[in-house]
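Using the numbering used here, you'd call the opening residue of the first sequence number 929 and step up by one each time. Okay, so here's the structure we're looking at.
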Amino acid sequence: MKRSLGNEGFVPIKEILEGKHTDVEVNIRGWIHRTRDIGNMAFLNVRDPSGVVQATFVKDEFDEDKFKAIKDLLVESSLKVKGKVKEDERAPGGYEIAAADAEIVHASEDFPIHKDQSVEHLLDNRHLWMRSTEMRDILNVRSTVFGAIHDYFRTEGYKEFQSPILTPLACEGGATLFPVDYFDEEVYLTQSWQLYAEAAIFGLGDIYTIAPSFRAEKSRTPRHLTEYWHAEVEGLWHELDDIIALGEGLVLHVVDKVLEQNEEELERLDVDLDYLKRLEAPFPIITYDEAVSKLKKEGMNVEYGEDFGVPEEKKLTSLFEKPVFVTHYPKEIKAFYMKRDEKDDSKVLGYDLMVPHVGELIGGSVRETDVDSMIRRLKEGGEDPSIYEWFLDTRRYGSVPHAGYGLGVERVIMWLCNLDHIRDAIPFPSTPNRCRP
RNA sequence: GCCGUCGUAGCUUAAAGGCAGAGCACUCGGCUGUUAACCGAGCGGUUGGCGGUUCGAAUCCGCCCGACGGCGCCA
């Protein structure tokens, strides 16, 4: 027997707007979106998670106290309404409920969010702003994105593996770690699942995760969070081509799923649906060297050997119709765990996948398998290799070729939803200046 | 870490050295089809904090606090 979800007797407002209950008496429940009182009639727009519908209350049909109590309700009061659905062109959405009865669940206090809203005020009241159509739409897309990432990797045969959040290890450089007091010992919030994943593949094989990562970088930009969700994958015997195909496949699968399940939301968010619908394999692949000469040809002043900044990224992504893979970066500007290219020792076997407006979506690489060169790179980076002892063991006992990548889930959501700022891609964002609510 | 902008009523804002004002919200009253209704009245201020200049400071100066925007770094 199917378990009841507690919705018997109540219809989702969306169904009313779809004409499924016209001329039938229904019960709805939700919150007051807006009210208007014109003396002998009151109009209450009622919202639930599926939509907003207008309910009309005629004074003569209620006793005086009840009518007053209903018309005096403030925005965001919760209530149940019973009444007959009528098609009426005067109603927003074309349908309304002629209320026969209503039960006040909770009469709201004066709601702090009105029509005039600053960014700061909405962030301070994020717990209330989540009720807005805009936040609901984004969070619906977000839910699809998370589901699609799980689908994709599982369908491709990758197992889900979890790494610790508390860790003594740095992964991307010690300066950007959040320290945690672990019974008088200093440990950190994880920056990445990767190092633990590289130990796990020896037993499990191909694996993935979606987990929070933490960066203590004081990056004041529209594309950085200090706490973000990181989709990472590590594949045994994988080469650069494999993780390029795996990155492309994941992004396309996520785009397909969101187009399938959230077209309505994307339209309300003013997303260019045609751009998303046009995306298909293969994405262009260029090397770092090619990227530099393209940028120079476009008149940009790029220093060879430097990583790309925001203006370079903007220019580069604007040259392509699709997301673009940039491969073979100089080793100096990439992490210690990336494998050198045998054909050109100055480059690493890694890539960034870049999209317009957001920049890097994915960073991936083939991993260095030789313990000595890894120790050398750590020392060059000013790190103490002794902290990495257990990790170095993965290169001492049957070291094997492998590769993987990390994808910033909020960056994908920002890209898909055409958001101005990444903080709107996560329900409760943490940025350098804000970790509340 | 660097550069910049801004803090005035619950919210959004006006007042560029001379009486702190408005719109929205809220409260009260009116209105038989409203569309973020409309009409009338009312409530609401230590102008972010501390100090300075001045007869007089929201306004000028200094320090502090907070937020936002951009760069760098990253996913």
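Positions of the beta carbon are idealized from the N, C-alpha and C atoms, including for glycine.
Delimiting residues of the beta strand (DSSP E) encompassing residue i
i, result
"Lys1008", "1006-1015"
"Gln982", "979-986"
"Pro1239", "From DSSP, Pro1239 is part of no beta strand (DSSP E) but of the alpha helix (DSSP H) over 1238-1246."
"Phe971", "969-976"
"Glu1160", "1155-1164"
"Leu1207", "From DSSP, Leu1207 is part of no beta strand (DSSP E); its letter is neither H nor E."
"Arg1305", "No beta strand (DSSP E) contains Arg1305, which is instead part of the alpha helix (DSSP H) from 1299-1308."
"Gly1387", "Outside the displayed range of the chain (929 to 1365) lies residue 1387, so it cannot be described from this structure."
"Glu1114", "1113-1117"
Residues near residue i by beta carbon distance below 6 Å, same chain, minus five either side
i, result
"Asp1112", "none"
"Leu1056", "Ile1041"
"Val1337", "Trp1157, Ala1159"
"His1349", "Pro1150"
"Ala1028", "Lys1010, Gly1011"
Residue i classed as buried or exposed, judged by whether at least 16 other C-beta atoms fall within 10 angstroms
i, result
"Leu1002", "exposed"
"Asp1202", "exposed"
"Val1238", "exposed"
"Lys1259", "buried"
"Ala1209", "exposed"
"Gly1287", "buried"
"Glu1193", "buried"
"Thr1154", "buried"
"Glu1241", "buried"
"Val1252", "buried"
Backbone secondary structure at residue i - three-state DSSP
i, result
"Leu1197", "coil"
"Leu1105", "coil"
"Val880", "What the structure shows of the chain is the stretch from 929 to 1365, and residue 880 is not part of that stretch, so it cannot be assessed."
"Phe1038", "In the sequence on display, residue 1038 carries Asp and not Phe. It is coil, neither helix nor strand."
"Phe1253", "strand"
"Val1003", "coil"
"Pro1140", "strand"
"Gly1287", "strand"
"Arg1082", "helix"
"Glu1231", "coil"
"Ile941", "helix"
"Asn1068", "helix"
"His961", "strand"
Endpoints, alpha helix (DSSP H) assigned at residue i
i, result
"Phe1319", "1317-1321"
"Arg1054", "1054-1057"
"Ser1274", "Premise fails: Ser1274 lies in the beta strand (DSSP E), 1272-1276, not in any alpha helix (DSSP H)."
"Val1220", "1216-1225"
"Glu1126", "1122-1132"
Cut-off 8 Å between Cβ atoms - residues of its own chain near residue i, not counting five sequence neighbours on either side
i, result
"Ala970", "Thr963, Arg964, Thr984, Phe985, Lys987, Phe995, Ile998, Lys999"
"Asp1235", "Tyr1257, Ile1261"
"Lys1014", "Thr950, Asp951, Tyr1023, Glu1024, Ile1025, Ala1026"
Sub-9 Å separation of residue i and residue j beta-carbons
i, j, result
"Ser1293", "Val1276", "yes"
"Leu1178", "Leu1344", "no"
"Gln982", "Gly1021", "yes"
"Lys1010", "Asn955", "yes"
"Asp1321", "Ala1127", "yes"
"Thr1297", "Arg1323", "yes"
"Tyr1333", "Ile1290", "yes"
"His1034", "Ser1060", "no"
"Ala1139", "Ser1071", "no"
"Leu972", "Ile960", "yes"
"Thr1255", "Ile1172", "yes"
Contacts around residue i, its chain only, beta-carbon distance under 7 Å, and the 5 residues preceding and following it disregarded
i, result
"Val1108", "Leu1094, Val1115, Tyr1116, Leu1117"
"Val1182", "Val1073, Ala1076, Ile1077, Val1340"
"Asn1053", "Pro1040, Ile1041"
"Glu1031", "Leu1007, Lys1008"
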